[in-house]
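**Q** Provided herewith is a single structure, encoded as structure tokens, for subsequent inquiry.
2 protein chains.
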Amino acid sequence: MLPFYLDCDTGIDDALALAYLLAAPEARLLGIGTVSGNVAAATGAVNTLDLLRLAGRPEIPVAVGAHDFQARAFDGGAPHVHGANGIGGVALPKAEAAPLAESAAEMLVRLARENAGELRVLAIGPLTNIAEALRLEPRLPELVAEITIMGGAAMVPGNISPLAEANIGNDPEAAREVLASPWNIKLVPLDVTMSNVLEEEHRLELLASDSPLARALGEMLGYYYRFYEGIFGRACSAMHDPLAAAVAVDAVALRTAPVVHVEVDAGDGPGRGQTVCDLRGVHLGYPEQPGAHCQVVLELEEDFAPHLMAALLAPVPAASVPLAPVAAGA
Amino acid sequence: MLPFYLDCDTGIDDALALAYLLAAPEARLLGIGTVSGNVAAATGAVNTLDLLRLAGRPEIPVAVGAHDFQARAFDGGAPHVHGANGIGGVALPKAEAAPLAESAAEMLVRLARENAGELRVLAIGPLTNIAEALRLEPRLPELVAEITIMGGAAMVPGNISPLAEANIGNDPEAAREVLASPWNIKLVPLDVTMSNVLEEEHRLELLASDSPLARALGEMLGYYYRFYEGIFGRACSAMHDPLAAAVAVDAVALRTAPVVHVEVDAGDGPGRGQTVCDLRGVHLGYPEQPGAHCQVVLELEEDFAPHLMAALLAPVPAASVPLAPVAAGA
Chain H
1 MLPFYLDCDT GIDDALALAY LLAAPEARLL GIGTVSGNVA AATGAVNTLD LLRLAGRPEI
61 PVAVGAHDFQ ARAFDGGAPH VHGANGIGGV ALPKAEAAPL AESAAEMLVR LARENAGELR
121 VLAIGPLTNI AEALRLEPRL PELVAEITIM GGAAMVPGNI SPLAEANIGN DPEAAREVLA
181 SPWNIKLVPL DVTMSNVLEE EHRLELLASD SPLARALGEM LGYYYRFYEG IFGRACSAMH
241 DPLAAAVAVD AVALRTAPVV HVEVDAGDGP GRGQTVCDLR GVHLGYPEQP GAHCQVVLEL
301 EEDFAPHLMA ALLAPVPAAS VPLAPVAAGA
Chain S
1 MLPFYLDCDT GIDDALALAY LLAAPEARLL GIGTVSGNVA AATGAVNTLD LLRLAGRPEI
61 PVAVGAHDFQ ARAFDGGAPH VHGANGIGGV ALPKAEAAPL AESAAEMLVR LARENAGELR
121 VLAIGPLTNI AEALRLEPRL PELVAEITIM GGAAMVPGNI SPLAEANIGN DPEAAREVLA
181 SPWNIKLVPL DVTMSNVLEE EHRLELLASD SPLARALGEM LGYYYRFYEG IFGRACSAMH
241 DPLAAAVAVD AVALRTAPVV HVEVDAGDGP GRGQTVCDLR GVHLGYPEQP GAHCQVVLEL
301 EEDFAPHLMA ALLAPVPAAS VPLAPVAAGA
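Sequence lines, in order, name chains H and S. Numbering follows full-length UniProt numbering, with no gaps: position 293 of the first sequence is 293. Numbering follows full-length UniProt numbering, with no gaps: position 315 of the second sequence is 315.
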């Protein structure tokens, strides 16, 4: 099983990614760090701990990471997308566990040293913690087997500016540093996450599940779908973070995923926060680019929704703490 | 007939655009200005005059425009794409006419005043002359009915950097000024010009034509195809400039061409020279963007090649000067 560190800003689709990762037979989740993004890092940690309890995995440690971004203060996140509490207003049973004393960046560095050459990193929020960890431990790129990042937009529009996606655009300085570091990167941008959607039928399946976690996710999606109705014109949602999780555990076949040079625009122009992917080889099937170390996932072989649903509806491991019912309609 | 000013950097595909415009029943070409880009502005003027002679239209005036770009000196253009003389090494019979004494920008301003509210501008090179004309005559956007620009890349890779197309990327400062001015703009970017190609069969048809101009264009395309073989993997070419000419005369039906906010990145980051088009409405069919005045042509209703070939193979107007044979294989 692949040892994983997850960095997240939980967040509705982060919750889906966490549930996916907990169900994935390929993955062993060693620790989770939170960062501000969809919500404040501290709120994301509360949501993550509550989700871990609901999933029956309260032993997985959570560390709070950066509250502010490198170039600006956190400004409240995206309540219009994820709700004021980050999980669509759903009230989860409260976890008993608390975050660790170490920071998210410290946890990542510790896990990387303890699992040298094997640790996989899945980053589904702004890259502030990862950049901090690179400064704490410059050998991090050697210690980490690979890092999968949900973020960016290569040949499709951004979601917080015409070109910038939220995770990269919230902290372009951190993202530039992380993308420029010499490790194996899998980048999962809007190109693929916006072309794989969950529909209303999927949400109803989750709500009808025996699993309290699956039901809670279905409730959260009700909120998420309302935001995406303004984007897609129907009740549905993109699958940003869970798709990145599936890519991280190598559980989905990739149709188009060239390894190319990628640079983050951290300037002050109209392209601030965009991921500049050199995709000029498109007409020749993307010839090799010497020195490139970032695989940009543009297209999957198959629709992701059935795979995700199977994972979310799989029997959850026996809970190690008692579960309270999810507050209906909360 | 629509009165036109053409601004070009002739250039193999500029030659195709000129031939198209001369054949277009909708257009009346009043004057041509040249700018450095594919070749130096002065070389482009020589090529343009020679082409006009070959087309039997030596009375159309040509003015030489800017040699250098706003932020840097012209550095020799793109001989690897267009040949050292700009037209693939083809030796055309020499024109008798010489360029006018006025500059390209002065010609544009004069024609705009003489045809106030009616003049159409087709710009298929860097936008240096157009920006200069805007400074000479700040009312230019009111005097010009619309401007069609071949340039930029919206949701596809650039051709001189991962994001920048040559016309915009050669003079981003000028392009920023022109795109920000309040006139009706049609932008014809790589999105549509790279997805409409001329094939070897088309080149052979041109070579077999009775028209000296068509045969000369076929010879030029032999050179142009060699460059594009490295892009597409076969002997063929994009149709950048002639496609813009057809859009300018409203001769092709547009499938996807939203009117959106467009900004040129003239900063020093990795996005320098890109056209930042706000295409976030893609999933809803591009809702109206108040204040937007740039129509970005992303997709045609039909393949452009048959339309272009019909124009290029149409009988040319009676020549007003004797034609010398095109030097075979030159």
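Ideal Cβ positions, reconstructed from N, Cα and C, are used throughout, including at glycine.
#1: So is H:Leu206 buried or exposed if we call it buried at 16+ other beta carbons inside 10 Å?
#2: Comparing C-alpha positions only, which one of S:Leu243, S:Gly222 and S:Ala131 sits nearest to S:Lys186?
#3: If we count the other Cβ atoms within 10 Å of its Cβ and call it buried at 16 or more, is S:Ala253 buried or exposed?
#4: 8 Å is my cut-off, CB to CB: does H:Arg280 come that close to chain S?
#5: So S:Ala4 is in the beta strand (DSSP E); what residue range does that whole segment cover?
#6: Applying a beta-carbon distance threshold of less than 7 Å, which residues of chain H neighbour S:Phe232?
#7: Alpha carbon to alpha carbon, how far is S:Ala42 from S:Leu52? Give it in angstroms, no decimals.
#8: Specify, as a first and last residue, the run of the alpha helix (DSSP H) that S:Arg255 falls within.
#9: Tell me which same chain residues have a C-beta within less than 7 Å of the C-beta of H:Phe74, skipping the five on either side of it?
#10: Alpha carbons only, please: which of S:Leu119, S:Ala84, S:Glu118 and S:Asn170 is nearest the one belonging to S:Gly125?
#11: Does DSSP put residue 333 of chain S in a helix, a strand or coil?
#12: Would you say S:Ala246 and S:Phe304 are within 8 Å of each other, going by their C-beta atoms?
#13: Measure the beta-carbon distance from H:Leu284 to S:Gly233 and round it to whole angstroms, keeping in mind my assumption that it falls under 8 Å.
#14: With S:Leu119 as the anchor, note down where its beta strand (DSSP E) starts and where it stops.
#15: On a Cα-Cα basis, can you pick out the residue from H:Val64, H:Gly88, H:Asn38 and H:Ala311 that is closest to H:Leu100?
#16: To the nearest angstrom, how far is it from the Cα of S:Met107 to the Cα of S:Ala98?
#17: H:Arg28 by DSSP, collapsed to three states: which one?
#18: Cα separation between S:Asp210 and S:Ala23?
#19: Out of H:Pro315, H:Pro182 and H:Gly11, which one is the CA nearest neighbour of H:Pro79?
#20: Taking the alpha helix (DSSP H) that S:Ala40 falls in, what are its first and last residues?
#21: How far does the beta strand (DSSP E) with H:Ala238 in it extend, from its first residue to its last?
#22: Give me the residue from H:Leu2, H:Asp7, H:Ala19 and H:His82 with the minimum Cα distance to H:Arg215.
#23: Given that a residue counts as buried once 16 or more other Cβ atoms are within 10 Å of its Cβ, and exposed if not, what is H:Arg72?
#24: Does the beta carbon of S:Tyr5 sit closer than 8 Å to a beta carbon anywhere in chain H?
#25: With the cut-off set at 8 Å, would you say H:Ile87 and H:Ala123 are in Cβ contact?
#26: Taking only three categories from DSSP, how would you classify S:Glu146?
#27: Taking H:Val155 as the query, report the chain S residues whose CB atoms sit under 7 Å from its CB, ordered along the chain.
#28: What residues from the stretch 159–180 of chain H come within 8 Å of chain S, judged by C-beta to C-beta, listed N to C?
#29: Name the chain H residues whose beta carbon is nearer than 8 Å to that of S:Gln289?
#30: Applying the 10 Å Cβ sphere with the 16-neighbour rule, what's the burial state of H:Leu134?
#31: Using only alpha-carbon positions, find the residue among H:Gln295, H:Ala27 and H:Pro270 that is nearest to H:Leu279.
#32: 8 Å is my cut-off, CB to CB: does S:Cys277 come that close to chain H?
#33: So which residues of chain S does H:Glu263 contact, with C-beta pairs closer than 7 Å?
#34: Would you say S:Tyr228 and S:Ala238 are within 8 Å of each other, going by their C-beta atoms?
#35: Name the two residues that bound the continuous beta strand (DSSP E) containing S:Ala63.
**A** With the given structure in hand:
#1: Against the first sequence, residue 206 of chain H aligns to sequence position 206. Counting Cβ neighbours within 10 Å, H:Leu206 comes out buried, since at least 16 surround it.
#2: Within the second sequence, numbered from 1, the residue matching residue 186 of chain S stands at position 186. That would be S:Leu243, whose Cα lies nearest to the Cα of S:Lys186.
#3: By 1-based counting over the second sequence, the position of residue 253 of chain S is 253. In this structure S:Ala253 is exposed. Its beta-carbon is surrounded by fewer than 16 other beta-carbon atoms within 10 angstroms.
#4: Against the first sequence, residue 280 of chain H aligns to sequence position 280. Taking CB atoms only, H:Arg280 has a neighbour in chain S less than 8 Å away.
#5: Residue 4 of chain S sits at position 4 when you count from the first residue of the second sequence. Per the sequence shown, the amino acid found at residue 4 of chain S is Phe instead of Ala. Per DSSP, S:Phe4 belongs to the beta strand (DSSP E) from Leu2 to Cys8.
#6: By one-based count along the second sequence, residue 232 of chain S stands at place 232. Close partners of S:Phe232 in chain H (Cβ separation under 7 Å): His283.
#7: Working through the second sequence from its first residue, we reach residue 52 of chain S at position 52. Working through the second sequence from its first residue, we reach residue 42 of chain S at position 42. Between S:Leu52 and S:Ala42, the C-alpha separation is close to 15 Å.
#8: In the second sequence, residue 255 of chain S corresponds to position 255, counting from 1. Annotation for S:Arg255: no alpha helix (DSSP H) segment contains it, though the beta strand (DSSP E) segment containing it runs Leu254 to Thr256.
#9: Residue mapping note: residue 74 of chain H aligns to position 74 of the first sequence, counting from 1. Hits under 7 Å: Ser36, Ala40, His67 and Asp68.
#10: Start at 1 with the first residue of the second sequence, and residue 125 of chain S comes out as number 125. Checking every option, the nearest Cα to that of S:Gly125 belongs to S:Asn170.
#11: Since the first residue shown for chain S is 1 and the last is 330, residue 333 of chain S is missing from the structure and cannot be characterised.
#12: Here the question's residue 246 of chain S lines up with position 246 in the second sequence. Here the question's residue 304 of chain S lines up with position 304 in the second sequence. Taking 8 Å as the Cβ cut-off, S:Ala246 and S:Phe304 qualify as a contacting pair.
#13: Counting from 1 along the first sequence, the entry for residue 284 of chain H is found at position 284. Counting from 1 along the second sequence, the entry for residue 233 of chain S is found at position 233. That pair is a contact at about 5 Å.
#14: Locating residue 119 of chain S in the second sequence gives position 119, where the first residue counts as 1. In this chain, the beta strand (DSSP E) harbouring S:Leu119 covers Leu119 to Ala123.
#15: As a position in the first sequence, residue 100 of chain H is number 100, starting the count at 1. Selected option, being the one with the closest Cα: H:Val64.
#16: On the second sequence, position 107 is the one that residue 107 of chain S refers to. On the second sequence, position 98 is the one that residue 98 of chain S refers to. So the two alpha carbons sit approximately 15 Å from each other.
#17: Along the first sequence, read from residue 1 onward, the residue named residue 28 of chain H stands at position 28. Assigned with DSSP and collapsed to three states, H:Arg28 falls in strand.
#18: Position 210 of the second sequence holds residue 210 of chain S. Position 23 of the second sequence holds residue 23 of chain S. Each residue's Cα considered, the two are about 15 Å apart.
#19: Within the first sequence, the letter at position 79 stands for residue 79 of chain H. Nearest of H:Pro315, H:Pro182 and H:Gly11 to H:Pro79, Cα basis: H:Gly11.
#20: As a position in the second sequence, residue 40 of chain S is number 40, starting the count at 1. It is not in any alpha helix (DSSP H) - S:Ala40 carries neither H nor E in the DSSP assignment.
#21: Walking along the first sequence from the start, residue 238 of chain H turns up at place 238. First-last of the beta strand (DSSP E) with H:Ala238: Cys236 to Ala238.
#22: Mapped onto the first sequence, residue 215 of chain H falls at position 215. With distances taken between Cα atoms, H:Arg215 lies closest to H:Ala19.
#23: The residue given as residue 72 of chain H occupies position 72 in the first sequence. Here H:Arg72 is exposed: its Cβ has fewer than 16 other Cβ atoms, across all protein chains shown, within 10 Å.
#24: Counting from one through the second sequence, the residue named residue 5 of chain S turns up at place 5. False, the Cβ-Cβ gap to chain H never drops below 8 Å.
#25: Here residue 87 of chain H refers to the residue found at position 87 of the first sequence. Here residue 123 of chain H refers to the residue found at position 123 of the first sequence. No, these two residues do not count as a Cβ contact at 8 Å.
#26: For this step, residue 146 of chain S is matched to residue 146 along the second sequence. S:Glu146: strand per DSSP, three-state reduction.
#27: Position 155 of the first sequence holds residue 155 of chain H. Note that residue 155 of chain H is Met in the sequence shown, not Val. Within 7 Å of the CB of H:Met155, the CB atoms of chain S belong to Met155 and Val156, in sequence order along the chain.
#28: Within the stretch 159–180 of chain H, the residues whose Cβ lies closer than 8 Å to any Cβ of chain S are, in chain order, Asn159, Pro162 and Leu163.
#29: In the second sequence, the residue the question calls residue 289 of chain S occupies position 289. Residues of chain H passing the Cβ test: none, with the nearest at roughly 11 Å.
#30: Start at 1 with the first residue of the first sequence, and residue 134 of chain H comes out as number 134. Buried is the label assigned to H:Leu134, since at least 16 other Cβ atoms lie within 10 Å of its Cβ.
#31: Within the first sequence, the letter at position 279 stands for residue 279 of chain H. The residue with the shortest Cα to Cα distance from H:Leu279 is H:Gln295.
#32: Here the question's residue 277 of chain S lines up with position 277 in the second sequence. Under the Cβ criterion of 8 Å, S:Cys277 is counted among the residues facing chain H.
#33: Position 263 of the first sequence holds residue 263 of chain H. Against H:Glu263, the close residues of chain S are Pro270, in the order they occur along the chain (beta-carbon pairs closer than 7 Å).
#34: As a working mapping, residue 228 of chain S is identified with position 228 in the second sequence. As a working mapping, residue 238 of chain S is identified with position 238 in the second sequence. Between S:Tyr228 and S:Ala238, the C-beta gap is smaller than 8 Å, which places the two residues in contact.
#35: Position 63 of the second sequence holds residue 63 of chain S. First-last of the beta strand (DSSP E) with S:Ala63: Val62 to Val64.
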